[in-house]
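To start, the structure itself, in structure tokens.
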Amino acid sequence: MLELNDVAVARGGITVLEGVSFQLAAGNALILRGENGIGKTTLLRAIAGLQPTVNGTIQAPDESIAFASHADGIKAQLTVRENLEFWAEVYGNASSDVDAAIQAMNLTELTNRPAAQMSAGQKRRLGLGRLLVTARPIWVLDEPTVSLDRASVALFADIVRAHLAGGGAALIATHIDLGIEAETLDLTPFKAKADVTADTSDGDYW
Amino acid sequence: MKALLLRDLRLAIRAGGGFGLGLAFFLILATLIPFGVGPQPDVLASIAPGVLWVGALLSCLLSLERIFALDFEDGALDLMASSPLPLEGIVAVKSLAHWLTTGLPLVVAAPLLGLMLNLPSQSYGWLLMSLLIGTPALSVIGAFGAAITVGLKRGGLLISLLVLPLYVPTLIFGADVVRRAGQGLDASVPAFMLAGLTLGAVAIMPFASAAALRAGLKGS
């Protein structure tokens, strides 16, 4: 479903990861690990099409990726339902999906509450509920469990499991154990060697 | 697209959305000018077209930063860029939402302020018309400035510097329409130039803004 071949990505002009290759098949999840700053977010943004790669190819079917970043993109002045309805319409899906997502993320009691009045964990659940209304098969998730309590993490793991069982796939960068049957890919071996070419120019000019 | 337009309008109208900021500024400016200039109806009548157009332009400038900065900060812009919506379409719809919440109220309020500035009576129709066809250009050009500065914190000053030179042609022809009408001359030539500027900006700017946004998102 998703295939990376010898991918290198850069952050701020400096290559952070290189030679990353993996395949992700339908029904599977892949957990990305690696120290802070190694380039997990950069790699995920490249997969989501938000930034170009330095090298290598990323292959996925058209219109198949749903991306969830650190920031949820939730509008504080809109209610839970309004936030989700917006994304459902953007992805061309029916509002019945919104009800299902609200129920799945355990937000039923908060349906008509403005997001401004919700806790960080509740906002995070709303942000993840957005994935459900996109109805896209490949989930690319960057630290999805930040600020979730233990019960919500379990709830989220169940949702990912259901997504995989339904033929979806998930690529997750996380530091905690979600309890999902998944392969783990440690990015440490792909860390780019200290990039000599990128730094010299500044020194020469000044 | 419709969903995005409705969302932006809703956000603008709800608390903290900034709707009315530009309009309030416009009202204040046009109310204070007669106090500053003094009670000379002739002087006021001759500067009224320029004052109204400069006021509309500056009010528009006030809210430009919000077009993309808010969505950028909370991550919504990233998510929209990775959604099925084309970036050019997102820019066009957000510019339209900006015009509906900023430009259109100015158009509606302008005749009232013209009264305070002793605008000649034959100018009112042309004033309305020139603002109606001129202000959309302010929104799409402004969106371009906002797109270029999207990754910068407090990019407001930079937007003004980038956008003001691009606003000058619209200002010149817009004010000229009203001035000529007031002097009883034919105002159709500057009006056509104004319409041409707006059409050109509406056609080109969404693509330029989308390219700027792509570069901005890549760098974050």
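As you go down the protein sequences, you meet chains G and Y in turn.
Count along the first sequence from 1, add 1, and you get the number used in the numbering used here.
Count along the second sequence from 1, add 683, and you get the number used in the numbering used here.
Every residue, glycine too, gets a C-beta built ideally from N, C-alpha and C.
Can G:I39 and G:V17 be called in contact, C-beta distance under 8 Å? Yes.
May I have a chain-ordered list of the alpha helix (DSSP H) segments no shorter than 4 residues that lie completely inside the region 759-838 of chain Y? As far as the region 759-838 of chain Y is concerned, its whole alpha helix (DSSP H) runs of at least 4 residues are 759-764, 770-781, 787-799, 807-831.
Going by the CB atoms, is the gap between Y:L712 and Y:G738 shorter than 8 Å? Taking C-beta atoms as the reference points, Y:G738 and Y:L712 count as a pair closer than 8 Å.
Checking contacts by CB at 8 Å: is G:V8 closer than that to chain Y? Closer than 8 Å: no.
Of the choices G:S96, G:Y92, G:R125, whose alpha-carbon is the least far from that of G:N107? For the residues G:S96, G:Y92, G:R125, the minimum Cα distance to G:N107 belongs to G:R125.
At a CB-CB cut-off below 7 Å, which residues of chain Y make contact with G:I59? By Cβ distance, chain Y contributes nothing, its closest Cβ being about 13 Å from G:I59, past 7 Å.
Pull out every residue of the region 873-890 of chain Y whose Cβ sits closer than 9 Å to any Cβ of chain G, in chain order. So the list is empty, because no residue satisfies the distance condition.
C-alpha gap between G:S70 and G:E144, whole angstroms: One alpha carbon belongs to G:S70, the other to G:E144, and they sit about 7 Å apart.
Of all Cβ atoms in chain Y, is any one closer than 8 Å to the Cβ of G:I173? With 8 Å as the cut-off, G:I173 does not count as an interface residue toward chain Y.
Would you kindly report the start and end of the unbroken alpha helix (DSSP H) that includes G:I75? Here G:I75 belongs to no alpha helix (DSSP H), and DSSP marks it neither H nor E.
What residue range does the beta strand (DSSP E) around G:A9 cover? Where G:A9 is concerned, the enclosing beta strand (DSSP E) stretches over 3-12.
C-beta atoms of Y:A874 and Y:T784 nearer than 8 Å: No. Outside cutoff.
Would you give the residue range spanned by the alpha helix (DSSP H) that G:L165 belongs to? Residues 151-166.
Closest to Y:V846 by C-alpha separation, out of Y:L787, Y:I730, Y:L744, Y:I716, would be which residue? If we check each option's Cα against that of Y:V846, Y:L744 comes out closest.
Can you give, in chain order, each stretch of the alpha helix (DSSP H) that sits fully within the region 38-115 of chain G and has at least 4 residues? DSSP assignment within the region 38-115 of chain G yields the following whole alpha helix (DSSP H) runs of 4 residues or more, N-terminal first: 41-48, 81-91, 96-105.
Taking the DSSP output, what are the residues bridged to G:W140? As DSSP reads the structure, G:W140 sits in a beta bridge with G:A67, G:A171.
Would you mind reading off the limits of the alpha helix (DSSP H) that contains Y:L747? Looking at the DSSP string, Y:L747 is not in any alpha helix (DSSP H), and its letter there is neither H nor E.
Whole-angstrom Cβ separation of Y:I816 and Y:A829, contact assumed at under 8 Å? In fact, because the Cβ distance is near 22 Å, the residues do not count as touching under 8 Å.
What residues of chain G sit near Y:A792, judged by a beta carbon separation below 9 Å? Simply none; closest approach about 25 Å.
Hey, is Y:P769's beta-carbon within less than 8 Å of any beta-carbon in chain G? Interface annotation, Y:P769: not in contact with chain G, CB-CB separation never under 8 Å.
If contacts are defined as beta-carbon pairs under 8 Å, then Y:L810 and Y:P794 qualify, I think. What distance do you get, rounded to the angstrom? Contact flag correct, Cβ pair sits at about 6 Å.
G:F68 versus G:N113, G:T146, G:R131, G:F157, residue with shortest Cα-Cα distance: It is G:R131.
Span of the beta strand (DSSP E) around G:F23: Bounds of the beta strand (DSSP E) holding G:F23 are 15-25.
Could you name the residues of chain Y that G:P53 contacts, counting a contact when the two beta carbons are closer than 8 Å? Annotation: Cβ neighbours of G:P53 in chain Y (cutoff 8 Å, chain order): K901.
Let's test the definition: count the other Cβ atoms within 10 Å of the Cβ of G:P62 and tell me whether it reaches 16, buried, or not, exposed. Exposed, since its Cβ has fewer than 16 Cβ neighbours within 10 Å.
For a quick check, are the C-beta atoms of Y:A820 and Y:I750 less than 8 Å apart? For Y:A820 and Y:I750, no; Cβs fall outside 8 Å.
Quick one: grab the DSSP three-state call for Y:K685. Note: Y:K685 maps to helix in three-state DSSP.
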